[in-house]
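All letters in the sequence shown, in the order written, are residues 3 to 422 by the working numbering.
Take a look at the structure set out below.
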Amino acid sequence: MFMNTIAGFKSTAAVAEKWLVLALVCLFPVVMGTIESAASTIFILLSLVGLLTIYKDWRLIASWEKAILYGFMLFVGYQLFSVLMSDDSNRAWHRFEKVVRFLLAVPIYLLIRRYADVAYRALLIGLIVSGPVMLWVAFETMEGGRAIGAYNYIVYGDFSLMVCLSALSAALLAGRGRWMNFMLLVSAMLTLYTSLLTQTRGAWLVLPFAFLLFVWICIKRYQGNKRNWILGGTLIIALSAGGALTTTDIFQDRAQNAVVSWDQYWEGTIEGSIGLRFLKWEAAIEHWQAHPLIGSGIGDYWLDTKELAAKEPRFRVIEEYTEAHSLYFEVLATTGLIGFLLLIWAVFFQPFRYFWQRIYDSGNPIVQYLAFDGVLIIAAVMIDGISQNWLSRNPLTTAYIFFLVLFLTGIARLECSKQN
């Protein structure tokens with residue numbers, strides 16, 4: 003009798019855990035940019051649940067999965083070493099608190115992997131709901147003609163474009179039915195418009211690359227079906243043109259401001275965000291040359307810039323800035339060449355390589371969708387890292403890890419089901 007009660011309790015707990023995970027996966031894209039701290043709350047909750055059975059699940063995953071997770075651990079370990087090397091310990095620990103989320107990705111990965119064969123369906127529902135919700139929040143949070151969402155226009159622009167690309171790739175590749183595809187396309191259009199309302203230039207840099215990837219995958223996926231290929235290409239063009247035409251004035255104004263700032267910088271006049279950004283990158287190179295291998299320490303960019311400004315007056319205009327406004331330049335300056343290479347290898351290259359290999363799995367449309375979406379997200383984040391250090395922002399770091407884990411676990415679980 004007692005054993006039956008225990009078995010019943012375990013069964014109920016397992017069902018509750020499954021529905022909790024699916025609900026959180028569905029909610030994540032909806033709330034990540036619209037409700038402050040909601041994404042971090044979901045992230046922490048998933049990691050706590052995953053920690054309960056981490057040892058048992060770790061033994062069940064494949065070697066390539068362990069390699070990616072070990073890469074995350076190594077990256078976090080080196081960042082901890084950099085904290086100990088830092089002169090500004092308070093700022094260093096503050097930065098490390100964001101990086102440590104890559105360590106929390108391990109229990110989250112193992113937890114979501116148990117239900118990954120259905121978790122992607124919860125994601126699709128979340129992507130559909132995200133479109134109208136994010137656009138509504140954009141109009142409700144307009145400040146100075148720009149949508150800021152729950153945080154600021156940079157974060158909201160990145161989030162809306164992330165949802166747009168994921169929804170569009172799901173509509174073209176997941177094959178969940180006409181009505182599902184139609185709703186995903188509508189959501190993609192709405193979130194693209196939301197991104198343009200934020201006027202975030204850094205997020206827009208990924209659009210040409212994403213367009214080429216979509217054209218390539220349509221040719222590859224539909225090469226034997228001209229009707230579907232033409233339909234896919236038409237949808238992509240309509241989506242891109244529709245979003246651009248509705249905000250032509252916004253796009254032109256921001257592009258013109260960028261060109262003016264560029265010209266002023268090369269003439270020696272530092273005005274506008276572009277000129278300041280280039281000067282920050284110059285400062286980062288100066289810092290890196292002083293500590294080329296291991297860097298000056300995570301969080302020390304501000305201190306190093308103040309010291310540089312005291313020696314060279316032209317850097318005084320940026321001495322109060324705490325970051326380099328570029329992921330790559332700041333990582334190079336604060337963690338050196340070792341930290342930079344670890345970032346590229348562990349955070350980008352390893353998962354990208356795995357996703358790219360699975361794009362060619364045309365036998366399973368869901369695997370192909372998850373792999374292509376993974377490539378898109380990594381490419382978008384890498385390009386976005388040129389003009390901002392998203393690793394210094396909790397919401398962006400959390401979102402990147404979440405989508406990465408969700409796509410990787412989905413592919414791993416579906417491949418295991420296929421083998422069995």
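For each residue, glycine too, the CB sits at the ideal point set by N, CA and C.
With a Cβ-Cβ cutoff of 8 Å, do Y158 and T200 count as a contact?
-> Taking the first residue of the sequence shown as position 1, residue 158 is located at position 156. Taking the first residue of the sequence shown as position 1, residue 200 is located at position 198. A contact, by the Cβ cut-off of 8 Å.
What does DSSP give as the partner residues of A64 in its beta bridges? Along the sequence shown, one-based indexing puts residue 64 at 62. A64 is not bridged to any residue.
Open item on the list: Tell me which residues share the same chain as S49 and place their Cβ nearer than 7 Å to its Cβ, disregarding the 5 neighbours each side in the sequence.
Closed with: Residue numbering aside, residue 49 sits at position 47 when the sequence shown is read from its first letter. Excluding sequence neighbours, S49 sits near L106, P109, I110.
| task | Over the uninterrupted alpha helix (DSSP H) stretch that includes N183, give me the two end residues. | result | Translated into positions along the sequence shown, residue 183 becomes position 181. Per DSSP, N183 belongs to the alpha helix (DSSP H) from 180-200.
Self-check item: Which listed residue (I388, Q370, L398) has its alpha carbon closest to that of I1
Solution: What is shown of the chain runs 3 to 422, which leaves residue 1 out entirely.
Report back the beta-carbon spacing between L126 and L186 to the nearest angstrom; my notes put them in contact at under 8 Å.
-> Stepping through the sequence shown from its first residue, residue 126 is reached at position 124. Stepping through the sequence shown from its first residue, residue 186 is reached at position 184. 7 Å between Cβ atoms; contact.
Compute the distance between the beta-carbons of S197 and P31, then report whether it is under 8 Å.
-> Here residue 197 corresponds to residue number 195 of the sequence shown, with the count starting at 1. Here residue 31 corresponds to residue number 29 of the sequence shown, with the count starting at 1. The answer is no: Cβ separation not under 8 Å.
Report task. Please list, in chain order, all residues of the same chain as F437 whose beta carbon is under 6 Å from its beta carbon, the five residues on each side excluded. Result -> It is not possible to answer for residue 437, since the shown part of the chain is limited to 3 through 422.
- Under the three-state reduction of DSSP, which class applies to A69: helix, strand or coil? Against the sequence shown, residue 69 aligns to sequence position 67. A69: helix per DSSP, three-state reduction.
Item to complete: Would you grab the beta carbon distance between F45 and F404 for me? Rounded to a whole angstrom, and I think it's under 8 Å.
Response: Position 43 of the sequence shown, counted from the start, is the residue given in the question as residue 45. Position 402 of the sequence shown, counted from the start, is the residue given in the question as residue 404. Between F404 and F45 the Cβ distance is about 6 Å, and since that is below 8 Å, they are a contact.
- prompt: Looking at C-alpha atoms only, which residue of A381, H289, G128, R61 is the closest neighbour of L214?
  reply: If you number the sequence shown from 1, residue 214 lands on position 212. Of the listed residues, the one whose Cα sits closest to L214 is A381.
How should T2 be labelled, buried or exposed, when 16 other C-beta atoms within 10 angstroms of its C-beta is the threshold for buried? No answer is possible for residue 2: the residues shown for the chain start at 3 and end at 422.
Alpha helix (DSSP H) runs wholly inside the segment 89-120, at least 4 long, in chain order = For the segment 89-120, whole alpha helix (DSSP H) runs of length 4 or above, ordered along the chain, are 91-101, 103-116.
Candidates G179, L334, M34: which alpha carbon is nearest H289's? Locating residue 289 in the sequence shown gives position 287, where the first residue counts as 1. That would be L334, whose Cα lies nearest to the Cα of H289.
CA-to-CA distance, R316 to L26, given in whole angstroms
Here residue 26 is taken as the residue at index 24 of the sequence shown, counted from 1. Here residue 316 is taken as the residue at index 314 of the sequence shown, counted from 1. For L26 and R316, the distance between alpha carbons rounds to 49 Å.
message: Taking the beta carbon of W283 as the centre, do at least 16 other beta carbons fall within 10 Å, making it buried, or is it exposed?
response: Residue 283 sits at position 281 when you count from the first residue of the sequence shown. Buried, because 16 or more other Cβ atoms sit within 10 Å of the Cβ of W283.
Quiz item: So the alpha helix (DSSP H) A382 belongs to, where does it begin and stop?
Solution: Your numbering for residue 382 matches position 380 in the sequence shown. First-last of the alpha helix (DSSP H) with A382: 367-389.
Any idea if G179 is buried or exposed, counting beta-carbon neighbours within 10 angstroms, 16 or more meaning buried?
As a position in the sequence shown, residue 179 is number 177, starting the count at 1. It is exposed - the Cβ of G179 has fewer than 16 other Cβ atoms within 10 Å.
Within 8 Å, strictly: CB atoms of Y303 and T337 | Along the sequence shown, one-based indexing puts residue 303 at 301. Along the sequence shown, one-based indexing puts residue 337 at 335. Against a cut-off of 8 Å, the Cβ pair of T337 and Y303 comes out as no contact.
_Under 8 Å between C-beta atoms of C220 and L167_ = Counting from 1 along the sequence shown, the entry for residue 220 is found at position 218. Counting from 1 along the sequence shown, the entry for residue 167 is found at position 165. No.
Measuring alpha carbon to alpha carbon, tell me which residue in V120, F342, A311, L278 is nearest I296.
Within the sequence shown, the letter at position 294 stands for residue 296. It is F342.
Backbone secondary structure at A335 - three-state DSSP = Start at 1 with the first residue of the sequence shown, and residue 335 comes out as number 333. Here A335 sits in helix by DSSP.
(message) Helix, strand or coil for R148? Go by DSSP, reduced to three states.
(response) Taking the first residue of the sequence shown as 1, we reach residue 148 at position 146. Note: R148 maps to strand in three-state DSSP.
Check whether V165 and L129 have beta carbons under 8 Å apart:
One-based indexing of the sequence shown puts residue 165 at position 163. One-based indexing of the sequence shown puts residue 129 at position 127. It is a contact, given that the beta carbons lie within the stated cut-off.
Practice problem: Please classify V120: is it buried, with 16 or more other beta-carbons within 10 angstroms of its beta-carbon, or exposed? | Solution: The residue labelled residue 120 in the question sits at position 118 within the sequence shown. Exposed is the call here.
Between F98 and F354, what straight-line distance do the alpha-carbon atoms span, to the nearest angstrom?
Within the sequence shown, numbered from 1, the residue matching residue 98 stands at position 96. Within the sequence shown, numbered from 1, the residue matching residue 354 stands at position 352. So the two alpha carbons sit approximately 24 Å from each other.
For the putative contact between L329 and G387, defined by C-beta atoms under 8 Å, what is the C-beta separation to the nearest angstrom?
Counting from 1 along the sequence shown, the entry for residue 329 is found at position 327. Counting from 1 along the sequence shown, the entry for residue 387 is found at position 385. Confirmed, about 3 Å.
> Along the chain, which unbroken stretches of the beta strand (DSSP E) at least 3 residues long are found entirely within the segment 299-363?
Replying inline: none
Query raised in the report: What are the boundary residues of the alpha helix (DSSP H) that L175 is part of?
Result: Numbered from 1 along the sequence shown, position 173 holds the residue referred to as residue 175. Segment 155-175, the alpha helix (DSSP H) holding L175.
- Query: Which class does R279 belong to by DSSP, given the choice of helix, strand or coil?
  - Reply: Looking up residue 279 in the sequence shown gives position 277. The answer is helix: DSSP assigns R279 an H, G or I state.
ask   = Can you round the beta-carbon distance between L112 and I150 to whole angstroms, since I take them to be within the 8 Å contact cut?
value = In the sequence shown, the residue the question calls residue 112 occupies position 110. In the sequence shown, the residue the question calls residue 150 occupies position 148. Between L112 and I150, the beta carbon gap of about 35 Å keeps them out of contact (Cβ cut-off 8 Å).
task = Output the boundary residues of the alpha helix (DSSP H) element that contains S42.
result = By 1-based counting over the sequence shown, the position of residue 42 is 40. Segment 40-53, the alpha helix (DSSP H) holding S42.
- Query: Apart from the five residues on each side of it in sequence, which residues of its chain come closer than 6 Å, Cβ to Cβ, to V208?
  - Reply: Along the sequence shown, read from residue 1 onward, the residue named residue 208 stands at position 206. The residues are A382, I385.
- Task: Please state whether DSSP places F295 in a helix, a strand or coil.
- Result: Numbered from its first residue, the sequence shown carries residue 295 at position 293. The sequence as given places Leu at residue 295; Phe does not occur at that position. Three-state result, L295: coil.
Exercise. Look at the alpha carbon of V139 and the alpha carbon of W347, and state the distance between them as a whole number of angstroms.
Key: Here the question's residue 139 lines up with position 137 in the sequence shown. Here the question's residue 347 lines up with position 345 in the sequence shown. Approximately 36 Å between the Cα atoms of the pair.
**For G35, three-class secondary structure by DSSP** = Locating residue 35 in the sequence shown gives position 33, counting from the first residue. It is coil, neither helix nor strand.
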